[in-house]
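To convert, take the position in the sequence shown, counting from 1, and add 1; that gives the numbering used here.
Glycine included, each C-beta is placed from N, C-alpha and C at the ideal position.
Note that the structure is predicted; figures quoted are calculated from it, not measured.
Contents: one structure, followed by commentary.
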Amino acid sequence: MSKEYNLISDFDYRIIAAFFAGLDRQGPGDDAQTRRALSFIDGLPPRPRIADIGCGTGRQTAVLASALDGPVTAVDLLPEMIAGLGARMQKAGLSDKVTGIVGSMDDLPFADNSLDIIWAEGSIYNIGFERGLTEWRRMLKPGGAIAVTECSWLSAKTLPESAFIRDNFPEIDTPSAKIRILENAGYAPLAHFILPATCWTDNYFDPVAARIPGFLEEQGHSPVAVRMAGLMGEEREHYRKYGTYYGYVFYIGLKPEE
Ligand code: SAH
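Structural data, given as structure tokens:
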């Protein structure tokens, strides 16, 4: 192999899709935490319009669609994710509420002032926290809310400079610094909270580990597949060692009324 594969995102999207579309969720999280984030958003109109950006196969989309009485548009770059979302919504009887579309978060098809809620779990890092908050704001109605998870330091006690953190979480910062970014992007900070460690261990790394043998089999143990599986093992090990320093934080912001 001549190419350097240091990050999951360095791999061909087809192999990424093959691995991750086979998981129940594609990032750390939990239904109860999705509901908790939602609980901070008050004063929704009768039929709120929701966009779920970087939805994956839609674990959190199902929670949103069940809890809210309005249409949800779920967007992901990978067609395999949108196919998985469709199957999940069908099974859950939520197909009439959820529309899945293949598209990119840097070119979203929503009109200005058209959404009551923008949701993005474990995905805004793909465009960048500041850029996503700034560019998506115009699509929210005044009084609308945005809720995203973002990898953050959990306290002022941060890890010393590490190549792993720099490569995997280049924008990592403390919650106070992230909230400053959210404010400067034009939102009122409604709430923020740290996702429990089980969102990573039980809900993410365990299913990832369980998926690896089947994935390697499907890929005929190709060198690229073996390398990708190895990187996932490194991510898990890094979290096991240092997971008290970093994690996902839910940030919920309000676009003020004009
Ligand atoms: N929200 C889901 C998925 C998180 S993984 C969950 O928490 O389980 C991040 C998702 O973002 C992946 O499904 C990936 O395909 C998608 N993604 C990556 N880049 C994207 C882009 N530019 N536009 C839209 N989606 C993107």
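Contact check for Thr-150 against Phe-251 passes: the beta carbons are separated by less than 9 angstroms. Going by DSSP, Pro-143 is part of the beta strand (DSSP E) stretching over 141-154. Annotation note: the region 102-133 contains the following uninterrupted beta strand (DSSP E) runs of length 3 or greater, listed N- to C-terminal: 116-121. Shown here for Asp-174: same chain residues with a beta carbon closer than 7 angstroms to its own, the five before and five after excluded, namely Ser-153, Trp-154 in chain order. For Glu-184 and Ser-156, the gap between their C-alpha atoms comes out near 20 angstroms. For Phe-20, the closest C-alpha among the options Tyr-243, Gln-220, Pro-224, Asp-113 is that of Gln-220. Set against 8 angstroms, the gap from the CB of Asp-207 to the closest heavy atom of the ligand SAH is not smaller. In this structure, the straight-line span from the alpha carbon of Tyr-240 to that of Ser-40 is close to 28 angstroms. Exclusion of the five residues before and after Ser-105 leaves Leu-78 as the residues of its chain whose Cβ lies within less than 7 angstroms of its Cβ. Between Thr-58 and Gln-27 the beta-carbon gap is near 7 angstroms, inside 8 angstroms, which marks them as a contact. Classified as buried, Glu-122 has 16 or more neighbouring CB atoms from the shown chains inside 10 Å of its CB.
By the neighbour-count definition (other C-beta atoms within 10 Å, threshold 16), Val-209 is a buried residue.
Membership of Ile-83 in the alpha helix (DSSP H) is indicated by the continuous run 80-93. Counting only runs of 3+ residues, the beta strand (DSSP E) found wholly inside the region 18-73 occupies 51-54, in chain order. Taking C-beta separations shorter than 7 angstroms and ignoring five residues to either side along the sequence, the partners of Asn-204 in its chain run Arg-26, Pro-29, Gly-30, Asp-31, following chain order. Here the alpha carbon of Lys-242 sits roughly 15 angstroms from the alpha carbon of Lys-158. In terms of Cβ geometry, Ala-66 and Val-73 form a close pair [threshold 9 angstroms]. Residues Phe-12 of the same chain have their beta carbon placed closer than 6 angstroms to that of Met-229, with the five preceding and five following residues left out of the count. For Leu-191, the uninterrupted beta strand (DSSP E) segment begins and ends at 189-195.
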